[in-house]
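Below is one structure, written out as structure tokens, with a few remarks after it.
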Amino acid sequence: HPVNIPRREKDFQGMLEYKKEDELKLVKNLILELKPRGVAVNLIPGLPAYILFMCLRHADYVNDDQKVRTLLTSTINSIKKILKKRGDDFETVSFWLSNTCRFLHCLKQYSGDEAFMKHNTSRQNEHCLSNFDLAEYRQVISDLAIQIYQQLIKCMENILHPMIVSGMLEHETIQGVSGVKPTGLRKRTSSIADEGTYTLDSILRQLSAFHSTMCQHGTDPELIKQVVKQQFYIIGAVTLNNLLLRKDMCSWSKGMQIRYNVSQLEEWLRDKGLMTCGAKETLEPLIQAAQLLQVKKKTDEDAEAICSMCQALTTAQIVKVLNLYTPVNEFEERVSVAFIRTIQTRLRDRCESPQLLMDTKMIYPVTFPFNPSCLALETIQIPSSLQLGFLTRV
Amino acid sequence: PRPASRPRVLLRAPTLAEMEEMNISEEEESP
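Line by line, the protein sequences give chains A and B.
At position 386 of the first sequence (counting the first as 1) the number is 386 in this note's numbering, and the numbers step up by one without a gap.
Positions in the second sequence are counted from 1; adding 394 to them yields this note's numbering.
If you want it as structure tokens, here you go:
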């Protein structure tokens, strides 16, 4: 009778053997038909990446360069295909960004290159690629990761954008401050947002949802920081641009509301441990515009204070806010033309863009700092839900 | 174990754009 002797984990080499004719089935089950909210929700973070890498290791081990090439090409093309099909689904894009990055880290960690082996165990060093140097393919995977990152940013911006003006500018949460309309009439106060109106809370909840999903997918912490920085940039830029075009947004009370909203965003960063990711700094133009709405705007001393305070605003932006500034009552005057001329004279030597609006299409360049894994490849087991029974653990 | 003296063979790779073009032409060729 055949005896089924279970192999001890120390006997496994951390590779997955597969037949060439099963390659299509591999990418189909592992990439094209894998649903992040389906079976993938229970997988260890990065499992698809580890599985693909272990298959690659075996193709390398048997010295089959063609097999290595076709596996890499199929992997890359399949990821691109699924992102083309479901590129507007944040979870799908986030899932494949984190797996592509993990795959890239594996290619480095097990490349045999000493620079990437510093944190390896001796067992991990034994699992380095045997025959092939895949440095050029690492570049391709890195380029793919950049494309996916940009797609993720666009996906998030499409979700966030409709919330920003409403949540950051229009919805008023500070009771009593905006009791008087710019026209002098008293407004009806309400602590409840009208149905369909986005509030600051809507924005914070959405940021938390994005953050939670990325964490669940095992996205590199350094990458999460870059994503959050980009999110805050778009929030600040869209808010400021709207303020620069609307007279009804340029009042003392609006400045107060904006400063409160920014403080809530900072609180969110603190809560997530993201105070050093650079996100707060991207709000500086908006913060300074809000301060500009609240400071005195009469004397030469006021002009000097404004010029030194508004380092993150262009002259065009400062002048626009001053021109749009609307007093909330009859005791306050509009900003005088002479005062605005004083500001312009003081700032005439600045070397800056004459641009009024911030560039809402700007995406900060992304980097993928090397993040080796402590996971031992020989311990990885494949759940049956992935339907990869044709792979053999070696 | 792999002998340390044996260098790995560099596998040349197409760029991402070239892979995309190859993929498109393969899809066009297949029925």
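Every residue gets a Cβ at the ideal spot worked out from N, C-alpha and C, and that includes glycine.
Just so we're clear, the structure is a prediction, and the values are computed from it rather than from any experiment.
In the pairwise beta carbon analysis, the segment 31-44 of chain A is classified as not touching the segment 100-111 of chain A: fewer than three pairs are separated by under 8 Å.
Residue-level contact by beta carbon holds for A/Glu-136 and chain B, with a gap shorter than 8 Å. In this structure, the straight-line span from the alpha carbon of A/Phe-95 to that of B/Leu-404 is close to 30 Å. Per DSSP, the beta-bridge partners of B/Val-403 are A/Phe-132. By the criterion of at least three beta-carbon pairs nearer than 8 Å, the segment 329-348 of chain A is not in contact with the segment 276-292 of chain A. In this structure, the straight-line span from the alpha carbon of A/Asn-120 to that of B/Arg-400 is close to 21 Å. Residues Ile-146, Tyr-149 and Gln-226 of the same chain have their beta carbon placed closer than 7 Å to that of A/Val-366, with the five preceding and five following residues left out of the count. The residue from A/Lys-296, A/Leu-56 and A/Asp-22 with its alpha-carbon nearest to that of A/Leu-134 is A/Leu-56. With the rule of 3 Cβ pairs closer than 8 Å, the segment 340-347 of chain A does not count as touching the segment 267-274 of chain A. In this structure, DSSP gives A/Leu-16 an extended state, which the three-state scheme calls strand. A direct Cα-Cα distance of roughly 35 Å separates A/Thr-173 from A/Leu-347.
Taking the CA atoms as reference points, A/Glu-301 sits about 43 Å from A/Ile-224. In this structure, A/Ala-303 and A/Glu-284 do not form a Cβ contact; the two beta carbons are roughly 20 Å apart against a cut-off of 8 Å. Taken atom to atom, the span from the alpha-carbon of A/Arg-123 to that of A/Asp-64 is near 23 Å.
Distance from the CA of A/Ile-234 to the CA of A/Leu-322, rounded to the nearest whole angstrom, comes to 23 Å. Note that the C-beta distance between A/Gln-151 and A/Val-394 is not below 8 Å. Given a length threshold of 4 residues, each whole run of the alpha helix (DSSP H) inside the segment 192-244 of chain A is given here in chain order: 200-216 and 221-243.
Restricted to the segment 60-99 of chain A, the alpha helix (DSSP H) segments that are unbroken, complete and at least 4 residues in length are 65-85, listed in chain order. Using a Cβ distance threshold of 8 Å, A/Phe-232 and A/Leu-265 count as a contacting pair. The Cβ neighbour count for A/Pro-354, taken over all protein chains shown within 10 Å, is under 16; the residue is labelled exposed.
In its chain, beyond the 5 residues on either side, Cys-277, Gly-278, Ala-279, Thr-282 and Tyr-364 have a beta carbon closer than 7 Å to the beta carbon of A/Lys-229. Contact between A/Phe-210 and A/Met-156 holds: their C-beta atoms lie close to 6 Å from each other, under 8 Å.
Rounded to the nearest angstrom, the Cβ distance from A/Ser-78 to A/Leu-32 is 6 Å, consistent with a contact under 8 Å. Interface residue (Cβ-Cβ distance to chain B less than 8 Å): A/Phe-132 is classified as such. Burial check for A/Gly-236: the Cβ neighbour count within 10 Å reaches 16 or more, so the residue is buried.
In the structure shown, the three-state DSSP call for A/Thr-121 is coil.
The Cβ atoms of A/Ser-166 and A/Tyr-137 lie no closer than 8 Å to each other.
Excluding residues up to 5 positions away in sequence, Lys-247 and Cys-250 lie with their Cβ nearer than 7 Å to the Cβ of A/Leu-324 in the same chain. When the beta-carbon positions are compared, A/Leu-386 and A/Leu-30 come within less than 8 Å of each other.
Taking the CA atoms as reference points, A/Val-27 sits about 39 Å from A/Ile-164.
The C-beta of A/Arg-69 comes closer than 8 Å to at least one C-beta of chain B. Your pair A/Asn-371 and A/Asp-143 does not check out as a contact, with CB atoms roughly 18 Å apart and the cut at 8 Å. Looking from the CA of A/Ile-203, the closest CA among A/Asn-158, A/Asn-125 and A/Thr-315 belongs to A/Asn-158. When 8 Å is used as the limit between beta carbons, A/Asp-143 is near these residues of chain B: Thr-409 and Leu-410, in chain order. At least one beta carbon of chain B lies nearer than 8 Å to the beta carbon of A/Ile-76. The Cβ atoms of A/Ala-49 and A/Phe-132 do not sit closer than 8 Å to each other.
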